[in-house]
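Numbering (the UniProt record's numbering), first residue to last: 1 to 513.
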């Protein structure tokens with residue numbers, strides 16, 4: 001069926017979105033359970049990892065069903081859709097596009113025919129050797145197949161084609177041959193009619209965990225998704241590991257030697273605060289980053305206020321360490337960011353006030369320490385400082401619980417190029433003047449790493465240091481991501497909006513392969 005190719009929603013504040021992760025993935029093998037509903041709740045817990053589209057695939061042992069559409073999990077699925085997704089195996093996916101257009105065709109799970117049925121696949125991360133993989137498709141399955149994939153705009157479609165394409169092997173055998181060829185970051189969940197699979201790249205860049213239900217197994221991007229479905233955490237999926245779950249139980253194989261380099265930005269911003277990564281509470285790590293920030297960048301002030309919600313744990317830590325009173329100085333409208341209303345000039349003028357509003361009686365006449373998790377382009381902080389001054393703040397000191405973001409990410413976060421970032425080439429003092437703050441302080445790289453309680457050698461810090469743990473191909477093979485581009489302005493105006501066309505939706509999103 002022909003589909004619209006625009007977003008379901010309009011972005012109200014595209015001039016400065018926070019760092020966006022590629023996706024959230026969830027999988028469940030549980031005979032006798034309502035696996036589609038378990039997956040729905042799991043995706044609900046992972047909504048922060050992707051808000052552009054959502055999808056669920058299930059198997060009843062004979063056929064796969066998939067339902068996917070543009071929008072939030074709660075917008076895509078209703079009771080009718082979930083009841084139609086019967087079976088004992090399910091995978092689910094929430095997407096934010098770090099590569100590929102924001103279209104229904106690029107929503108996941110993706111599908112592909114196999115020798116014995118159908119494969120459905122969901123992917124969190126970003127591959128860096130898609131060009132090489134396309135050539136492999138051409139070598140194995142012909143130039144026509146490669147050409148069709150070349151017109152696709154996601155690396156996930158290429159992986160699906162490679163896994164689905166070998167008629168002489170089982171899916172498990174094919175996976176063990178294909179997975180070592182992938183470069184970059186990938187946490188995968190995939191399935192056929194009888195088996196659930198999960199795989200994580202040898203560097204373990206993106207998180208992936210295994211949980212146990214009373215009558216089955218769960219895999220998910222974060223431990224918080226296990227909690228919501230009542231699954232007990234068993235362990236993390238190891239870097240370079242393939243997990244296979246079917247009627248014979250659970251078995252594992254390693255397809256590559258592990259060289260852990262987990263993304264440090266998961267601790268800073270991406271993961272939910274109630275998630276644990278490598279045994280460390282994300283909330284506790286963020287509080288400790290705030291404490292370190294207070295020691296490294298003290299200031300005379302009256303109040304510590306967070307930029308909600310991502311700045312809250314670090315602000316708590318800063319206040320506790322500094323002895324400065326913590327207060328809620330900003331309120332956040334959690335429902336702003338996506339709307340069916342066409343953006344207008346009135347909305348352009350409102351800008352950041354649609355999302356954050358100051359509590360004037362709290363901040364009037366006060367010297368403020370404003371704590372946030374990161375500065376990417378600087379537009380939000382510039383507008384925020386101006387808004388706080390207009391509300392009567394005597395001083396505005398900005399404190400950031402991560403180092404300056406200096407380099408793009410090629411492993412699944414939407415930092416597209418250095419030219420889009422405010423930090424390269426500027427000192428903290430210069431950035432502070434640019435955003436209008438009385439002072440600006442970033443936590444040190446060492447302080448951030450120490451807060452995670454992980455060895456520096458086991459973390460990817462490329463967006464802060466430019467040291468990429470996975471080799472990158474030539475720039476012209478990196479898709480939209482380039483290490484260097486022609487100089488661009490420091491981001492769009494904070495009130496700038498773009499019009500986006502809505503796509504079709506509804507119950508016709510149900511596909512039967």
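Using N, Cα and C, we set each Cβ at its ideal position, and we do this for glycine too.
Asked, Found
"Which first and last residues belong to the beta strand (DSSP E) in which residue 252 is found?", "249-254"
"Please classify residue 171: is it buried, with 16 or more other beta-carbons within 10 angstroms of its beta-carbon, or exposed?", "buried"
"I'd like to check one pair, residue 183 with residue 128: are the Cβ atoms closer than 7 Å?", "yes"
"According to DSSP, is residue 281 helix, strand or coil?", "strand"
"Can you grab the Cα-Cα spacing for the pair residue 125 / residue 96, in whole Å?", "10 Å"
"One question on the structure: do residue 222 and residue 185 come within less than 7 Å of each other, judged by their Cβ atoms?", "no"
"Which same chain residues, not among the five before or five after residue 114, have their C-beta less than 7 Å away from its C-beta?", "164, 171 and 192"
"Under 8 Å, with one C-beta from each stretch per pair, do the stretch 397-409 and the stretch 448-466 reach the 3-pair mark?", "yes"
"Ends of the alpha helix (DSSP H) at residue 389?", "379-390"
"In the DSSP output, which residue or residues are listed as bridge partners for residue 69?", "54"
"Using the DSSP secondary-structure output, state which residues sit across from residue 372 in a beta bridge.", "400"
"Can you give me the C-alpha to C-alpha distance between residue 304 and residue 243, rounded to a whole angstrom?", "45 Å"
"Just to confirm my understanding: we take residue 204, look at its own chain, exclude 5 residues before and 5 after, and list those with CB closer than 6 Å. What are they?", "239, 260 and 262"
"Can at least three beta-carbon pairs, one atom from the stretch 406-421 and one from the stretch 429-442, be found at a separation below 8 Å?", "no"
"Can you tell me which residues form a DSSP beta bridge with residue 237?", "According to DSSP, residue 237 bridges with nothing at all."
"Would residue 73 and residue 218 qualify as a contact pair, given that the criterion is a beta-carbon distance under 7 Å?", "no"
"What residue from 453, 377 and 446 has the CA that sits closest to residue 424's CA?", "377"
"How big is the Cα-Cα spacing for residue 513 and residue 64?", "Per-residue confidence for residue 513 stands at a pLDDT of 31, beneath the threshold of 50, marking its modelled position as unreliable; the derived number appears in the next sentence. So the two alpha carbons sit approximately 7 Å from each other."
"Hey, out of 91, 368, 454 and 53, whose CA is closest to residue 197's CA?", "91"
"Could you check if residue 71 is buried or exposed, using at least 16 other CB atoms within 10 Å of its CB as the buried criterion?", "buried"
"What's the gap between the Cα of residue 36 and the Cα of residue 107?", "17 Å"
"What three-state label does DSSP hand residue 136 in the structure shown?", "helix"
"Find out if the Cβ-Cβ distance for the pair residue 130, residue 155 is shorter than 7 Å.", "yes"
"Leaving out the 5 sequence neighbours to the left and right, which residues in its chain are closer than 6 Å to residue 524 when beta-carbon positions are compared?", "Nothing can be reported for residue 524: it is not among the residues displayed for the chain, which extend from 1 to 513."
"Given a cut-off of 7 Å on the beta-carbon distance, is the pair residue 364 and residue 392 in contact?", "yes"
"Starting from the Cα of residue 386, find the closest Cα among 255, 370 and 333 and give me that residue.", "370"
"For residue 294, collect the residues of the same chain with a Cβ closer than 6 Å to its Cβ; drop the 5 residues on either side in sequence, then sort them by chain order.", "318, 321 and 322"
"Note down the Cα distance separating residue 441 from residue 258, rounded to an integer number of angstroms.", "36 Å"
"If I follow the unbroken alpha helix (DSSP H) through residue 360, where does it start and stop?", "360-363"
"Strictly under 7 Å for the Cβ-Cβ distance: is residue 434 near chain C by that measure?", "Within the model displayed, chain C is absent; a lone protein chain is all it includes."
"If you measure between the beta carbons of residue 307 and residue 372, is that distance less than 7 Å?", "yes"
"Only counting the same chain, and skipping five residues up and downstream in sequence, which positions put a Cβ closer than 6 Å to that of residue 268?", "373 and 402"
"Given a threshold of 16 other Cβ atoms within 10 Å of its Cβ, counted over all protein chains shown, does residue 379 qualify as buried or as exposed?", "buried"
"Whole angstroms is fine: what's the gap from residue 368's alpha carbon to residue 211's?", "43 Å"
"Any idea which residues DSSP pairs residue 43 with across the strands?", "Paired residue(s): none; residue 43 is not in a bridge."
"Distance, Cα to Cα, residue 412 vs residue 288?", "25 Å"
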